[in-house]
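Novice: Take this structure, written in structure tokens, and hold onto it; I'll ask about it next.
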Amino acid sequence: MEWTEEIIAQLKALWAEGLSTAEIGRRLSITKNAVVGKAHRLGLPPRPSPIRRNAKPKTAEKAETPAAATPATAQTATPAQPVKQAEAAPVGETEKQTATPPTPARSTPPAATAAPVAEEKPAKKEKSAASSKSKPKAPLRSISDPEPQKRRGPSCCWPIGDPGTPGFHFCGATPIPGKPYCEEHAQIAYVRLRDRRDNVA
DNA sequence: CCCTGATTCGC
DNA sequence: GCGAATCAGG
């Protein structure tokens, strides 16, 4: 693997975006292990992972010097989760387990595929707006949003380049109806987990 | 079962 | 440095 600046930039970008390692791997056409490994080496902030590896199964297990534990130093715990989206990061990546391929005796042919794309599973509870409620219907629109509801052409939001840099942009191609990505990118975005596994093919 | 990310260790 | 293998928690 040739970790060029560009690739690394993408990795960082996607990582920071909150995509899962597998997702990033898919985009970069590498395995998630590579992603995780590189990310770790780069010192990227660890994604919210449920596991806390402690045990040393195999080798290692050296005699740990029971030296001072030094409990002091109360470090500040993580304030909060900056991003909670986690797996739901990309637009409708939910399609993973969907599309049960064969399903014998099921008259439901292809429908299952790519149906509930941008489906919202977690109910978003947005109660009162944080920014004052004293704005029932501000007549603003001549400043920030002169022409709402116009140039609303859907476009593929596949990230290209590193967000934050001048070259970054989205695919922009016409997406498949019901999907956030164009046909080309949808194909790689929506891969059956079983199929992809760790195989990039 | 599937998913997820983290660490280890041979290369 | 790289990443597959392995581990481990949901």
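Residue numbers for the first sequence follow my numbering, so the first one is 1172 and each next one is one higher. Think of the CB as a built atom: it goes at the ideal place given N, C-alpha and C, for glycine as much as any other residue. Note that the structure is a prediction, hence the values are computed from the model and not measured.
1. When the Cα atoms are used, what is the spatial distance from LEU1213 to ALA1360?
2. Here's the rule I'm using: 16 or more other beta-carbon atoms within 10 Å means buried, otherwise exposed. How should GLU1354 be labelled?
3. Where does ILE1331 sit, in a helix, a strand or coil, going by DSSP?
4. Name the residue from PRO1330, ARG1218, PRO1337 and PRO1325 whose alpha carbon lies nearest to the alpha carbon of ARG1197.
5. Per DSSP, HIS1340 forms a beta bridge with which residues?
6. How about LEU1199 and LEU1215: are their beta carbons less than 8 angstroms apart?
7. When you compare only the Cα positions, how much space is there between LYS1184 and ALA1193?
8. For ALA1122, collect the residues of the same chain with a Cβ closer than 7 angstroms to its Cβ; drop the 5 residues on either side in sequence, then sort them by chain order.
9. When DSSP builds the beta bridges, which residues end up paired with PRO1346?
10. Is ILE1201 helix, strand or coil by DSSP?
11. Can you say whether GLY1189 is buried or exposed, counting buried as having 16 or more other CB atoms within 10 angstroms of its CB?
12. Locate the alpha helix (DSSP H) running through TRP1186, then write down its first and last residues.
13. Can you give me the C-alpha to C-alpha distance between MET1172 and CYS1328, rounded to a whole angstrom?
14. Can you tell me whether ARG1218 is helix, strand or coil according to DSSP?
15. Given a threshold of 16 other Cβ atoms within 10 Å of its Cβ, counted over all protein chains shown, does TRP1186 qualify as buried or as exposed?
16. By DSSP, does GLY1208 sit in helix, in strand, or in coil?
17. Ignore the nearest five residues each way along the sequence and tell me which others in SER1326's own chain have a CB closer than 6 angstroms to its CB.
18. Between HIS1211 and PRO1219, what straight-line distance do the alpha-carbon atoms span, to the nearest angstrom?
19. Nearest by alpha-carbon distance to SER1191: which of ALA1180, THR1175, VAL1206 and ILE1178 is it?
Specialist: From the atom records:
1. 25 angstroms
2. exposed
3. strand
4. PRO1330
5. ILE1331
6. no
7. Per the sequence shown, the amino acid found at residue 1184 is Ala instead of Lys. Roughly 14 angstroms between the two C-alpha positions.
8. In the structure displayed, the chain extends from 1172 to 1372; residue 1122 sits before or after that span and is not available.
9. CYS1353
10. coil
11. buried
12. 1176 to 1188
13. 26 angstroms
14. coil
15. buried
16. helix
17. GLY1343
18. 13 angstroms
19. VAL1206
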